[in-house]
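Its first residue numbered -6, the sequence shown is counted upward by one per residue in the working numbering.
Think of the CB as a built atom: it goes at the ideal place given N, C-alpha and C, for glycine as much as any other residue.
Just so we're clear, the structure is a prediction, and the values are computed from it rather than from any experiment.
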Amino acid sequence: MTRAVLALNAGSSSLKFALFSIEKGEGATAPSHRIASGELEGIGTHPHFIAHDASGHTLVDERWDPATTGQAGDDAHHGPMATLMDWVGRQLGDVDLMAVGHRVVHGGPEFIAPVRITPDILDRLTALTPFAPLHQPGSLAPIRALLAQKPDLPQVACFDTGFHHTMPAVAQAQALPREYAARGVRRYGFHGLSYEYIASALHDCAPRLSEGRAIVAHIGSGGSLCAMRGGRSVDTTMGFSVLDGLVMGTRCGHLDPGVILYMLREEGLGAAEIENILYHRSGLLGVSGVSADMRDLHARAAISPEVTQALDLFTYRFAQEAGAMMAALQGLDGLVFTAGIGENDAIIRAAICARLEWAGIRLDAQANAAHRDIISTPDSAVEVRVIPTDEETTIRRHVLMCLA
């Protein structure tokens, strides 16, 4: 009997989704294919619902005023989720929706594997909000909406931190008084659902890299690197929060904590003001002064020294962090680019690889410009690949594994 799984990837004001049909089979290996995918954006302001079938044809493109549904503020997800679930029901017809899987940003020290959501589990995930105050509420809002609307529908939480639980203790530790570790203050790492997908893709398309030492670069509006050995995480650039590591669209990346003390003492800024600066006004936007969008920055680079500085800092810090990942791996066999910038920006890939020539990377300029799967030259000591990520497929696998 054919059934279906809905995978949800929620942000604070947007919700990506993918709908999969599941054929008869066992666990995560059951045959499946993607029926549709899309996004709900502008949640809480002016929701926009768009979906496409597997061939890319538009199935729905709808906008509405949230005031007409009475959903705003804390209930902002209820109206959009009801719209999505009504649409999913019409798409499936007689096919049974067996479960919904959710990307949850933070699983804390306890949740390292997917788990079926109960009221108690939801309370424990809510208690982790101080670890990810800007992201955890957005992860949990669709769960709450569905619990209210379809309480009997199984829901599964899939954790972005879970993939990194294989990091050795030394890579998880923070050099703080020991009582902070007891409170859960340590390095967790994020983008784990993406890294898990890339690890599985490498197993299929590049077994040598899958078994060897690889750095996977998930670079989009947020970004991080993951050092993998044998397809398992041994270190990553994001730590306790999603602020650490690489320069990102609006986030600062690695920062001397003394800067925060300066903001507190000398400028008299409060926690909320500092949080806003570090999460929303820094990174490419802060340094360039004009945009967090890499496409805009490329268009302005020739006429703006500030934009050029932002792009240079982006690639410099990437190379710096990549060096740290190589130290964790004790060498490097492969570099994989993924996510929005990693998959689509040949200029940034070339600039990064130029900074890493010392490590034996040799880029094939034509292959890179054409966005081919392998963009390194045959004589490169490090194989460089571009692999599109698919977090929703990882979520689908987690759901089937959890409910098996």
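- The beta carbon of L306 sits closer than 8 Å to the beta carbons of V240, V280 from its chain, once the five residues preceding and following it are set aside; these are given in chain order.
- Under the criterion of beta carbons closer than 8 Å, G49 and G101 do not qualify as touching, at roughly 38 Å.
- For I110, the closest alpha carbon among the candidates I136, P130, R27 is that of I136.
- Rounded to whole angstroms, the gap between the alpha carbons of M78 and E385 is 17 Å.
- In the DSSP assignment, R378 falls within the unbroken beta strand (DSSP E) covering 376 to 379.
- The way I'd put it, the region 206 to 214 doesn't touch the region 165 to 176; fewer than three beta-carbon pairs between them come closer than 8 Å.
- Inter-residue distance for M160 and S226 is about 6 Å (C-alpha atoms, whole angstroms).
- If you compare the alpha carbons of G35, G37, A11, A164 with that of D46, the shortest gap goes to A11.
- Unbroken alpha helix (DSSP H) stretches of 4 residues or longer found wholly inside the region 288 to 326: 298 to 322, given in chain order.
- Looking only at K17, A344, A106, E299, the smallest Cα-Cα distance to F311 is reached by A344.
- Contact check between the region 369 to 388 and the region 178 to 192: three or more CB pairs, one atom from each, fall below 8 Å, which counts as touching.
- Between C245 and L236, the gap from beta carbon to beta carbon is short of 8 Å.
- Contact between the region 284 to 303 and the region 312 to 323 is absent, with fewer than three C-beta pairs closer than 8 Å.
- Rounded to whole angstroms, F13 and T382 show a C-alpha spacing of 17 Å.
- In the structure shown, the three-state DSSP call for H157 is helix.
- Taking 4 residues as the minimum length, the alpha helix (DSSP H) runs contained wholly in the region 209 to 267 are 250 to 258, in order along the chain.
- Here the C-alpha atom of G155 lies approximately 4 Å from the C-alpha atom of I105.
- L278 is the residue among G324, L278, L(-1), L322 whose C-alpha sits nearest the C-alpha of Q302.
- Rounded to the nearest angstrom, the gap between the Cα atoms of V93 and L1 is 7 Å.
- With fewer than 16 neighbouring CB atoms inside 10 Å of its own CB, V252 falls in the exposed class.
- In the displayed model, V88 falls within coil according to three-state DSSP, outside both helix and strand.
- Here the alpha carbon of R206 sits roughly 30 Å from the alpha carbon of H95.
- In the displayed model, L277 falls within a helix according to three-state DSSP.
- Ranked by how close their Cα comes to the Cα of L195, the residues G182, G224, G215 have G224 in first place.
- The Cβ neighbour count for V163, taken over all protein chains shown within 10 Å, is under 16; the residue is labelled exposed.
- Within the DSSP bridge table, the entry for A0 names A11, G94 as partners.
- Taking every protein chain shown into account, the CB of A120 has fewer than 16 other CB atoms within 10 angstroms, so this residue is exposed.
- Between the C-alpha atoms of E268 and R274 there is a straight-line separation of about 9 Å.
- Taking the CA atoms as reference points, I36 sits about 6 Å from S7.
- Judged by DSSP secondary structure, Q167 falls outside any beta strand (DSSP E); it is assigned neither H nor E.
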